[in-house]
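According to my numbering, the sequence shown is numbered sequentially starting from 55.
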Amino acid sequence: MSRALATTPLPDRLPLPPQLDPQRLPAHVALIMDGNGRWARQRGLPRVMGHRAGVETLKRTLRLCSDWGIEALTCYAFSTENWSRPGEEVAFLMTLFERVLARELEGLMKEQVRIRFLGDLEQLPEGLQNLIADATARTSANGGIHFNVCTNYGGRRELVQAARHLAERAAAGQLDPAAIDEALFAAELQTAGEGDPDLLIRTSGERRLSNFLLWQLAYAELHITDVLWPDFDEAALLAALLDYQGRQRRFGGVEAAR
Ligand code: IPE
Ligand code: IPE
Ligand code: MG
55 MSRALATTPL
65 PDRLPLPPQL
75 DPQRLPAHVA
85 LIMDGNGRWA
95 RQRGLPRVMG
105 HRAGVETLKR
115 TLRLCSDWGI
125 EALTCYAFST
135 ENWSRPGEEV
145 AFLMTLFERV
155 LARELEGLMK
165 EQVRIRFLGD
175 LEQLPEGLQN
185 LIADATARTS
195 ANGGIHFNVC
205 TNYGGRRELV
215 QAARHLAERA
225 AAGQLDPAAI
235 DEALFAAELQ
245 TAGEGDPDLL
255 IRTSGERRLS
265 NFLLWQLAYA
275 ELHITDVLWP
285 DFDEAALLAA
295 LLDYQGRQRR
305 FGGVEAAR
C-alpha cells in the first residue's frame, strides 16, 4: 500500500480530462515559468505583481499535475542569473518565496506533496533557508507528487559542481576515473534519484533553455506556449499534455513498427 493511501485520505481529486490517455502521461514535467513581468506590464502594474499572480498559477498547476497522476514537477523559480535583476525585484521575490512557503506547508502536507529545492541554497536569505530545510524535512516521507523548486539554480553551475566533486574523490584515491559513467555522473546532480523530465513546458514564447536542467533535458519533448505564466491555466496545461501525447519519442532509434 502506498504511503498516500496509508495516511490521511487525499482531498477530492480533479478528474483527468477524457482527451488524455492516462497510460501515456509524462512521468516528470519540467516548467520554465516565464512572462510574469510582461503580464504585469500589460495591466499597467509593477513587475512584482506578475510574480504574485504567478504563485497562484503554480499552486493550481501543482494541484492539477498531482491530481492527474504526474509523478514529478520541477519548476524554475529563480536562476543563478536572476540576481542581475534590480535589487528591489530580487528582494521582493525572496520575501515572496518565504511567505508562500510558510503559508502553503500545511496544504502540501495535506496533499502529500514531497517538496525539494534544487540550487545553491546557501546564497539565499537565512530565513528562507530555514523554511526550506523545514519544508524539505517535513514533506520528505510524503507519498505524493515530487515537487522540485529550482531556486538559485543554474545548469552549468550544477554540472561544474558535479565534475568538481568527482575530481575531488578521484584525487583522494576514492574513485577510479574509469568508473565515471553517465549513471555515476547523474548521481552527482541535484536531481539525483529523479528520472529525467519527459516534457519541458516554457511559457511566454521564449525559445531557449536559459540554463535550466542542461543535462536532464537531453531527450525531453519541448512545448513552448505564448501564454504568459500567470495566465497558464487548465486549458494551457491540457494543450501541453496533448501536444506531448502526439509526439513520437525515438531516443535516437527508428520509428517503432506498427
Ligand atoms: C519569470 O517571469 C519569473 C522569474 C524569472 C522569477 P519574468 O520575471 O522573467 O517575466 P518577463 O520575462 O520579464 O515577462
Ligand atoms: C528563466 O526566465 C528563469 C526563470 C523562469 C526562473 P528568465 O526570464 O530569467 O530567462 P531569460 O532571461 O529570458 O533567458
Ligand atoms: Mg523572463
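Glycine is no exception: its CB is placed at the ideal position from the N, C-alpha and C atoms.
- The set of residues with a C-beta under 5 Å from any non-hydrogen atom of ligand 1 comprises Asp88, Gly89, Asn90, Gly91, Arg92, given in chain order.
- In the structure shown, the three-state DSSP call for Ser120 is helix.
- In this structure, the CA atom of Ala221 is about 42 Å from the CA atom of Gly104.
- Judged by DSSP secondary structure, Val154 falls within the alpha helix (DSSP H) whose first and last residues are 141–164.
- For the set Glu135, Pro284, Asp121, the Cα lying nearest the Cα of Thr257 is the one of Pro284.
- Contact between the segment 107–115 and the segment 294–308 is absent, with fewer than three C-beta pairs closer than 8 Å.
- Here the C-alpha atom of Ala191 lies approximately 17 Å from the C-alpha atom of Ala246.
- Around the beta carbon of Pro76, a 10 Å sphere encloses fewer than 16 other beta carbons of the protein chains shown; the residue is thus reported as exposed.
- For Ser194, the Cβ stays outside the 7 Å cut-off from all heavy atoms of ligand 2.
- Closest option to Phe266, judged by alpha-carbon separation, among Lys164, Pro69, Thr205, Val144: Thr205.
- Per DSSP, reduced to three states, the secondary structure at Tyr298 is helical.
- Between the alpha carbons of Ala94 and Pro140 lies a distance of about 16 Å.
- Burial check for His82: the Cβ neighbour count within 10 Å reaches 16 or more, so the residue is buried.
- In the displayed model, Glu275 falls within a strand according to three-state DSSP.
- Here Ile86 is bridged, per DSSP, to Tyr130, Arg256.
- When the beta-carbon positions are compared, Glu152 and Leu182 come within less than 8 Å of each other.
- Per DSSP, the unbroken alpha helix (DSSP H) holding Asn184 starts and ends at 180–193.
- At least one heavy atom of ligand 2 lies closer than 7 Å to the C-beta of Asn136.
- Asn265 carries a coil assignment under DSSP once its states are collapsed to helix, strand and coil.
- In its chain, beyond the 5 residues on either side, Leu182, Leu185, Ile186, Ala189 have a beta carbon closer than 8 Å to the beta carbon of Leu155.
- By the C-beta criterion, the segment 167–176 is judged to be in contact with the segment 196–204, since at least 3 inter-stretch pairs fall below 8 Å.
- It is roughly 12 Å from the alpha-carbon of Leu296 to the alpha-carbon of Ile255.
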